[in-house]
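This report concerns only the one structure given below.
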Amino acid sequence: MSIPLFPLGTVLYPAGLLPLRIFEVRYLDMIGKCRKADLPFGVVSLTSGSEVRKAGADAESFAAVGTLASIREFESPQSGLLQIECVGTQRFRIRSAELQKHGLWIAEVDPVADDVALEIPDDLKHTATALQRLIDTLEERRRAQGETVRLPIAEPYRLDDCGWVANRWCELVPMQLELRQRLMELDSPLMRLELVSDLLARTGITE
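Structure, rendered in structure tokens:
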């Protein structure tokens, strides 16, 4: 599968939300084409370089595993500016990537299998309980402030699923980008949730 890449200073997880403001010509063109054809693009985490291309700078480098992003909201408040919201779908591994003359990366990728649906074991259910409390708090705040307030977590809420709960905490808990990337790449959703549980305890979010 051949896809355009969007290297960013973040990590997108499956079912995660990603708001973007786009003003670079290479990405305005890419997003326009993806939206018109209803195709995803690939979000990859930067390992060197910056999101915005600077004159004379070396080409950016990025992680070998990323996540497909589908556009779910699209707005053009003024000429040369797009505001979009994307949702992560499937992870992929880059087989090869080529930098085009207009500055856009095109990659040949292989899909990475989705997390196996796995019920949360009893000793990790506190992670789901804490996430439910956070979602309840955010929804109460939205009701108080108005329905236009965006939540950082998209429905449907799968609070009984290891991978879904682990992924949402990986998006929310402050951590280094490299760790966020390593957790996303893990094949085992149970191992990811176990590591998240340790992080939650260390940060005082859970006991």
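Going by our numbering, the sequence shown opens with residue 5, and the numbers climb by one from there. We treat Cβ as the ideally placed atom computed from N, Cα and C, and that holds for glycine.
- Excluding five sequence positions before and after E198, the CB atoms of its chain that fall closer than 8 Å to its own CB belong to L128, given in chain order.
- A straight line joining the alpha-carbon of G46 with that of R206 spans about 32 Å.
- Put simply, the backbone Cα of M34 is about 45 Å away from that of D126.
- Per DSSP, the beta-bridge partners of F45 are A73.
- A distance below 6 Å between beta-carbons, with the five flanking residues on each side excluded, links T210 to the following residues of its chain, in chain order: H130, A134 and L204.
- Contact between L24 and C90 is confirmed by a C-beta separation of about 7 Å, below the 8 Å threshold.
- DSSP, reduced to helix, strand and coil, places A132 within a helical segment of the structure shown.
- Taken through DSSP and simplified to helix, strand or coil, E143 comes out as helix.
- In the three-state DSSP reduction, G150 falls in the coil class, being neither helix nor strand.
- When the alpha-carbon of R196 is set against those of C174, A63 and E144, the nearest one is in C174.
- With a threshold of 16 other beta carbon atoms within 10 Å, E182 falls short and is exposed.
- Residue pairing for V113: DSSP places it in a beta bridge opposite I98.
- By the 16-neighbour rule on beta-carbons within 10 angstroms, G13 is exposed.
- Between the alpha carbons of Q149 and R97 lies a gap of roughly 41 Å.
- Boundaries of the beta strand (DSSP E) harbouring L21: L21 to I26, taken from the DSSP string.
- When the alpha-carbon of R137 is set against those of L122, V120 and I157, the nearest one is in I157.
- Residue state for S83 is assigned as coil, using DSSP reduced to three classes.
- Taking every protein chain shown into account, the CB of D118 has fewer than 16 other CB atoms within 10 angstroms, so this residue is exposed.
- The beta carbon of L122 lies closer than 8 Å to those of D165, C166, G167, P193 and L194 in the same chain, with the five residues before and after it left out.
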